[in-house]
Amino acid sequence: MVRAPHVSPTLAERELALVGAALLGIVVALAVAHRVGGSTTNAATADVRPVLSSLAAWNTALAEPRTAPRRRSACGSVLAAGTLGVGHPVLPCGAKLFIAFHGRRVLTQVVDRGSVSSASEFQLTPALARELGFHGRQAIRWTFARG
């Protein structure tokens, strides 16, 4: 007859907690991979809408185009010439935003963190500034996207 080794209740609790944490990590990783791996075509973003429906209810902030070229952002993104995005010192990397300027509205995301000039809240990548027809330091409207 083979006898099972004695396992203390404390050790059993720790092992169970580790298994639970590992399973939770796997579920989170799969959810993130599913979200990140999704298509970024216009059909995929067709269901993405501003959180607030009225443009008057959006936030207003000063923005300026990014002037200092950096290949890698603080979010870990490679900033290519065509990257549409914003830098913001507080908003989380990857946060989806709508930016509105002079009747144009663009869905974008936070691609950089860190200091923005003391006079501006956002920095726009050169490609986003071109898309919006944006130059200098000016007021924009912005809101989070939901989808």
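Yeah, the sequence shown ends on 147 if you go by the working numbering, and it's all consecutive.
Using N, Cα and C, we set each Cβ at its ideal position, and we do this for glycine too.
Compute the Euclidean distance between the alpha carbons of Thr125 and Leu107, then round it to the nearest angstrom. In the sequence shown, residue 125 corresponds to position 125, counting from 1. In the sequence shown, residue 107 corresponds to position 107, counting from 1. Roughly 13 angstroms between the two C-alpha positions.
Taking Cβ positions, are Ala63 and Glu131 nearer each other than 8 angstroms? Start at 1 with the first residue of the sequence shown, and residue 63 comes out as number 63. Start at 1 with the first residue of the sequence shown, and residue 131 comes out as number 131. Taking 8 angstroms as the Cβ cut-off, Ala63 and Glu131 do not qualify as a contacting pair.
Considering only their Cβ atoms, is the gap separating Phe134 from Ala95 smaller than 8 angstroms? Position 95 of the sequence shown, counted from the start, is the residue given in the question as residue 95. Position 134 of the sequence shown, counted from the start, is the residue given in the question as residue 134. Their beta carbons are not under 8 angstroms apart, which means Ala95 does not touch Phe134 by this criterion.
Short of 6 angstroms in beta carbon distance, which residues of its chain neighbour Phe101, apart from the five on each side in sequence? Order them along the chain. Counting from 1 along the sequence shown, the entry for residue 101 is found at position 101. Within the same chain, Phe101 has close Cβ partners Leu132, Phe134, Ile140.
Pairwise C-alpha distance: Gly136 and Trp99: Numbered from 1 along the sequence shown, position 99 holds the residue referred to as residue 99. Numbered from 1 along the sequence shown, position 136 holds the residue referred to as residue 136. This sequence places Ile at residue 99; Trp is not what is there. Those two C-alpha atoms are separated by around 16 angstroms.
Assigned secondary structure, Ala127 (DSSP; H/G/I helix, E/B strand, else coil): Here residue 127 refers to the residue found at position 127 of the sequence shown. In the structure shown, Ala127 sits in a helix (DSSP, three-state: H, G or I).
What is the residue span of the beta strand (DSSP E) that Val106 lies within? One-based indexing of the sequence shown puts residue 106 at position 106. Run containing Val106: 104-112, per the beta strand (DSSP E) assignment.
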